[in-house]
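Participant: To start, I am sharing the structure in question, which I have written as structure tokens.
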Amino acid sequence: MIETERAASLAAPGPGERLRLLFVRLFVRLGVLPFLLLVAVVVFASLSENFLTLRNLTNVVRQAVYLLIVSLGQMLALLTGGFDLSVGTILALTSVVGASAMAAAHAAFPDLPWLSILLGSLAGLSAGTAIGVANGLGVALFGVSPFIMTLGMASVGFGIALYLTGGVPVYGMPREFGEVFGFGELLGVPVPILVTVLFVLVMLVLVYRTRLGRSFYAVGGNVKAARLSGIDTRRVLFTTYVLCAFLASIGGLLLTARLDTGEANIGASMPLESIAACVIAGVSLRGGVGRVENVVLGALFIVLVQNGMNLARIESYLQTVVLGLLLILAVIADQLRLRLMASLRA
Amino acid sequence: MLGDEPARGWFLDPGAARRIARELLERLGFPLDPDARVEGLARAEQQMVEIAKAFRTAPKVLVLDEPTASLTEREARRLLALVDQLKARGVGILYITHRMGEIRRIGDRVTVLRDGKKIATVPASTSEDELVRLMTGRAIEQIFPPLPAVPEGPPVLRAQELTTRSGSVLGASFQLRAGEILGFAGLVGSGKSEAARAVFGVEPLAAGRVWLDGAPVEPLAPASMLARGVLYLPPDRREEGLAMMRPARENMTMAALDRPELGPGPWLGRFKEARLAHELARRIELRPANPERAVELFSGGNQQKVLFARALARPVRLLMLDEPTVGVDMATRASLYRLIVELAEKGTAILLVSSDLPEILHLSHRVLVFHRGRIRAELEGAAIGEEAVLQHFFEREAA
Numbered sequence: 373m374i375e376t377e378r379a380a381s382l383a384a385p386g387p388g389e390r391l392r393l394l395f396v397r398l399f400v401r402l403g404v405l406p407f408l409l410l411v412a413v414v415v416f417a418s419l420s421e422n423f424l425t426l427r428n429l430t431n432v433v434r435q436a437v438y439l440l441i442v443s444l445g446q447m448l449a450l451l452t453g454g455f456d457l458s459v460g461t462i463l464a465l466t467s468v469v470g471a472s473a474m475a476a477a478h479a480a481f482p483d484l485p486w487l488s489i490l491l492g493s494l495a496g497l498s499a500g501t502a503i504g505v506a507n508g509l510g511v512a513l514f515g516v517s518p519f520i521m522t523l524g525m526a527s528v529g530f531g532i533a534l535y536l537t538g539g540v541p542v543y544g545m546p547r548e549f550g551e552v553f554g555f556g557e558l559l560g561v562p563v564p565i566l567v568t569v570l571f572v573l574v575m576l577v578l579v580y581r582t583r584l585g586r587s588f589y590a591v592g593g594n595v596k597a598a599r600l601s602g603i604d605t606r607r608v609l610f611t612t613y614v615l616c617a618f619l620a621s622i623g624g625l626l627l628t629a630r631l632d633t634g635e636a637n638i639g640a641s642m643p644l645e646s647i648a649a650c651v652i653a654g655v656s657l658r659g660g661v662g663r664v665e666n667v668v669l670g671a672l673f674i675v676l677v678q679n680g681m682n683l684a685r686i687e688s689y690l691q692t693v694v695l696g697l698l699l700i701l702a703v704i705a706d707q708l709r710l711r712l713m714a715s716l717r718a
Numbered sequence: 465m466l467g468d469e470p471a472r473g474w475f476l477d478p479g480a481a482r483r484i485a486r487e488l489l490e491r492l493g494f495p496l497d498p499d500a501r502v503e504g505l506a507r508a509e510q511q512m513v514e515i516a517k518a519f520r521t522a523p524k525v526l527v528l529d530e531p532t533a534s535l536t537e538r539e540a541r542r543l544l545a546l547v548d549q550l551k552a553r554g555v556g557i558l559y560i561t562h563r564m565g566e567i568r569r570i571g572d573r574v575t576v577l578r579d580g581k582k583i584a585t586v587p588a589s590t591s592e593d594e595l596v597r598l599m600t601g602r603a604i605e606q607i608f609p610p611l612p613a614v615p616e617g618p619p620v621l622r623a624q625e626l627t628t629r630s631g632s633v634l635g636a637s638f639q640l641r642a643g644e645i646l647g648f649a650g651l652v653g654s655g656k657s658e659a660a661r662a663v664f665g666v667e668p669l670a671a672g673r674v675w676l677d678g679a680p681v682e683p684l685a686p687a688s689m690l691a692r693g694v695l696y697l698p699p700d701r702r703e704e705g706l707a708m709m710r711p712a713r714e715n716m717t718m719a720a721l722d723r724p725e726l727g728p729g730p731w732l733g734r735f736k737e738a739r740l741a742h743e744l745a746r747r748i749e750l751r752p753a754n755p756e757r758a759v760e761l762f763s764g765g766n767q768q769k770v771l772f773a774r775a776l777a778r779p780v781r782l783l784m785l786d787e788p789t790v791g792v793d794m795a796t797r798a799s800l801y802r803l804i805v806e807l808a809e810k811g812t813a814i815l816l817v818s819s820d821l822p823e824i825l826h827l828s829h830r831v832l833v834f835h836r837g838r839i840r841a842e843l844e845g846a847a848i849g850e851e852a853v854l855q856h857f858f859e860r861e862a863a
């Protein structure tokens, strides 16, 4: 395919036309993200001299891990042709339940902080993943559209999180939790980043090297074809939402460690941001198309833009505006790309 | 009425619309209720609505594209009479059909198109063999490979009294031996496709049982049928066949993901899969021969080949092909037919569901003709002829 592309671009008449064609082909091949990334770096570097420093960029990565982990899960939902609007709620519920359980256990066994951390984390992960189980049952078994199912569960989960805490942040977790999973470092690398790298690697293997991973693409590519090919599409869909919730839950735990409190209000922007990260990274909303490594870049890009806007002192309310516009732009670019792809076939 | 609604000012005039619709249906002699919802009508009745829509505007030229494809013989005859009427009134008719009988019945001149090119225009009295030659560009023997003899043996598949829940198949029983090609013929909606789908467990059954190699299979479901070496390839590659955005490789191996050849346990061996995909691409003569290309970017014929490759990606004892060559050029047809016959030679039992009459006639050892959900006739060997098959397609004449 590379050969034909090169041949075609060489055969095109005129240097201007050739450049345009090359640009179009690059766009079709790589998607919108590299171009956006380039623009963002140039713009923010010119707006603030602090932007392109190692310290700042490390900061970006550090801030990006939460969105990144959630986006990995969101990608699975998008791959199968759905999406998960309840990821924010999953973060919140994980945080509240995890923190409450951890604080309770810590109060009971003050000498065993790691036992409390383990129990609390398990409680948080279970609560968050339970939302995914509900989503999965609704979508796979009862055929509820992912939009309604996850929107409904977002409300259910958020309500539970608020009810459990009365809207008040939960304190009283062992100090070690925040020290290690929020601010800790191992061999000079922040622990949250290490955890994230671990999950990215797991996802790479899962998605590209296992039968289950292939099933996500098959179900999203054509659910009827997948069914006729003997793939248990219901099980795949169920697994998708459970995994998505589990990953969001991990993100919730890490964020709780970072904040050192359990809060029901974290994660409100997660559904939009994670979908934006995926779509900008070329994950198709129609399902069946998307790559893990691009989603990693997509999540980094979103946080990079937020960081750049912070440095450029753009008000946070306006940042939300920019983020929404970016999402829409990415979808438009995706459509354009499909049309160009169709015109380039033959 | 859509697009030309009778109206007063900005508002629709449902009264006038109903009156016009009733007159129209009466004039055409279609026994339809103008207020019935189209989705609740039978396929033939839907076709009538479509035709009535065309007659509303008193056209000068009327293009009819396979208008009788889903009509019963009586309905079809009424339609053809209507066409005669219009012709007498000076309306030019462009009638697209693959039915030889209709060409002779209403045609004056016949233009044969093939692969997007006009081949010839001949008088409608031209002999059938000549028309087939023009349509296919070669003699029939060159397209269809000779059928191998069917070895004696117990049936691979035995289906008894299959009745689908939707009533599309009513009490169909059939069996199929290894190496045999069994054709399912009949009109669209005759139940021929649904019978095959029922065997694969896609169409829910109300009654009936299926035996594979003498053992009853229960429950019927695609995954368990695949595990037993049964594969069904659907008729509409876009709708149910292929994941268009995914590479040819993934589409070819989609039904083989449970095979141990592709890797141990949950793992999917990338190189093993790539090697298999290359091998399959070679066997089906994929053009361009790049299995990594998205299926969407291949021509229709090559897409159909990719779908067919699923049957080669794993051992298949019974292959059910539903319209395997729909919308496919002659060269691809010829190579697909060769692959089908090769599989049969190796002992695969093949169930061929097709609306393409030449395909049924030349590629089947045995033909079952479906009509309104029931098996109307069984023809074997030399008895398989166009007249013999077609005769069972339609309502029987009232004696």
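The listed protein sequences derive, respectively, from chains A and B.
So the number in my numbering is just where the residue sits in the first sequence, counting from 1, plus 372.
So the number in my numbering is just where the residue sits in the second sequence, counting from 1, plus 464.
Each residue gets a CB set at the ideal place from its N, CA and C atoms; glycine is no exception.
Note that the coordinates shown come from a computational prediction; the quantities given were computed from them, not determined experimentally.
Among B:F834, B:G617, B:L800, B:E842, whose alpha-carbon lies nearest the alpha-carbon of E823 (chain B)?
Facilitator: B:L800
Participant: Checking 9 angstroms against the spacing of the C-beta atoms, do A741 (chain B) and M709 (chain B) come in under that value?
Facilitator: No, the pair does not count as a contact, with Cβ atoms beyond the cut-off.
Participant: Which residue spans inside the stretch 617 to 647 of chain A form an unbroken alpha helix (DSSP H) run of at least 4?
Facilitator: none
Participant: Is the CB-CB distance between V525 (chain B) and P699 (chain B) below 9 angstroms?
Facilitator: no
Participant: Mind listing the chain A neighbours of G705 (chain B)? Cutoff is C-beta to C-beta under 7 angstroms, in chain order.
Facilitator: A597
Participant: Does DSSP put A588 (chain B) in a helix, a strand or coil?
Facilitator: coil
Participant: Quick one: using the 10 Å Cβ neighbour count with 16 as the cut-off for buried, is E687 (chain A) buried or exposed?
Facilitator: Around the beta carbon of E687 (chain A), a 10 Å sphere encloses fewer than 16 other beta carbons of the protein chains shown; the residue is thus reported as exposed.
Participant: Can you list, in chain order, the residues of its chain whose CB lies under 7 angstroms from that of Y589 (chain A), leaving out five sequence neighbours each side?
Facilitator: L451, G660
Participant: Here's the rule: buried if 16 or more other CB atoms are within 10 angstroms of the residue's CB, otherwise exposed. What is T611 (chain A)?
Facilitator: Counting C-beta atoms within 10 angstroms of its own C-beta, T611 (chain A) has 16 or more neighbours from the protein chains shown and is therefore classed as buried.
Participant: By Cβ distance, which residues of its chain are closer than 7 angstroms to L513 (chain A), with the 5 residues on each side in sequence left out?
Facilitator: R606
Participant: Would you kindly report the start and end of the unbroken alpha helix (DSSP H) that includes S799 (chain B)?
Facilitator: For S799 (chain B), the enclosing alpha helix (DSSP H) stretches over residues 794 to 809.
Participant: Do H425 (chain B) and G845 (chain B) have their C-beta atoms within less than 9 angstroms of each other?
Facilitator: Nothing can be reported for residue 425 (chain B), as the shown portion of chain B is limited to 465 through 863.
Participant: Which partner residues of W731 (chain B) appear in the DSSP bridge assignment?
Facilitator: A:T582
Participant: With a threshold of 8 angstroms, are at least 3 pairs of Cβ atoms found where one atom belongs to the stretch 532 to 547 of chain A and the other to the stretch 460 to 475 of chain A?
Facilitator: yes
Participant: Look at G592 (chain A) and A707 (chain B) and say whether their C-beta atoms are less than 9 angstroms apart.
Facilitator: yes
Participant: Rounded to whole angstroms, what's the CA-CA distance from G496 (chain A) to S458 (chain A)? Just pull it up for me.
Facilitator: 15 angstroms
Participant: Could you tell me which residues DSSP puts in a beta bridge with K581 (chain B)?
Facilitator: Paired residues: B:R578.
Participant: So what does DSSP say about R392 (chain A), is it helix, strand or coil?
Facilitator: helix
Participant: Return the CA-CA distance between L598 (chain B) and T575 (chain B), expressed in angstroms with no decimal places.
Facilitator: 10 angstroms
Participant: Tell me whether S657 (chain B) is buried or exposed, calling it buried when 16 or more other Cβ atoms sit within 10 Å of its Cβ.
Facilitator: buried
Participant: Mind checking the stretch 706 to 728 of chain B against chain A and listing, in chain order, the residues whose C-beta falls within less than 9 angstroms of any C-beta there?
Facilitator: L706, A707, M708, M709, R710, E714, N715, T717, M718, A719, A720, L721, D722, L726, G727
Participant: On a CA-only basis, which of A:R709, A:S420, A:E389, A:I441 is nearest L566 (chain A)? Give me that one, please.
Facilitator: A:I441
Participant: Under DSSP, the alpha helix (DSSP H) around G764 (chain B) begins and ends at which residues?
Facilitator: Residues 764 to 773.
Participant: Do F549 (chain A) and T628 (chain A) have their C-beta atoms closer together than 9 angstroms?
Facilitator: yes
Participant: Out of curiosity, what's the CA-to-CA distance linking F481 (chain A) and L626 (chain A)?
Facilitator: Computed Cα separation, rounded: 22 angstroms.
Participant: Is A691 (chain B) close to chain A? Criterion is C-beta to C-beta, closer than 9 angstroms.
Facilitator: yes
Participant: Taking the straight line between their C-alpha atoms, what separation do you get for G670 (chain A) and I622 (chain A)?
Facilitator: 19 angstroms
Participant: Can you round the beta-carbon distance between L783 (chain B) and N766 (chain B) to whole angstroms, since I take them to be within the 8 angstroms contact cut?
Facilitator: Wrong, their Cβ atoms sit about 20 angstroms apart, outside the cutoff.
Participant: Considering only the alpha carbon of each residue, which of B:F772, B:L634, B:P779 lies closest to R701 (chain B)?
Facilitator: The shortest Cα separation from R701 (chain B) among B:F772, B:L634, B:P779 belongs to B:F772.
Participant: If you draw a straight line from the C-alpha of R486 (chain B) to the C-alpha of D497 (chain B), how long is it?
Facilitator: 8 angstroms
Participant: For a contact meaning CB atoms closer than 9 angstroms, what does Y696 (chain B) contact in chain A?
Facilitator: Ordered by position in chain A, the residues that pass the 9 angstroms Cβ test against Y696 (chain B) are L600.
Participant: Could you check how far apart the C-beta atoms of P495 (chain B) and I515 (chain B) are, in whole angstroms? I think they sit under 8 angstroms.
Facilitator: At roughly 14 angstroms, the Cβ-Cβ gap does not stay under 8 angstroms, so P495 (chain B) and I515 (chain B) are not in contact.
Participant: Can you list the residues of chain B that L583 (chain A) reaches, using a CB-CB cut of under 7 angstroms?
Facilitator: The question names Leu, but residue 583 (chain A) is Arg in the sequence shown. Simply L721, P730, L732.
Participant: Alpha carbon to alpha carbon, how far is M794 (chain B) from L712 (chain A)? Give it in angstroms, no decimals.
Facilitator: Between L712 (chain A) and M794 (chain B), the alpha-carbon positions lie close to 30 angstroms from each other.
Participant: Alpha carbon to alpha carbon, what distance is there between L785 (chain B) and P618 (chain B)?
Facilitator: 21 angstroms
Participant: Suppose only complete runs of 3+ residues qualify. What are the beta strand (DSSP E) ranges in the stretch 673 to 730 of chain B, listed by chain order?
Facilitator: 679 to 681, 694 to 697
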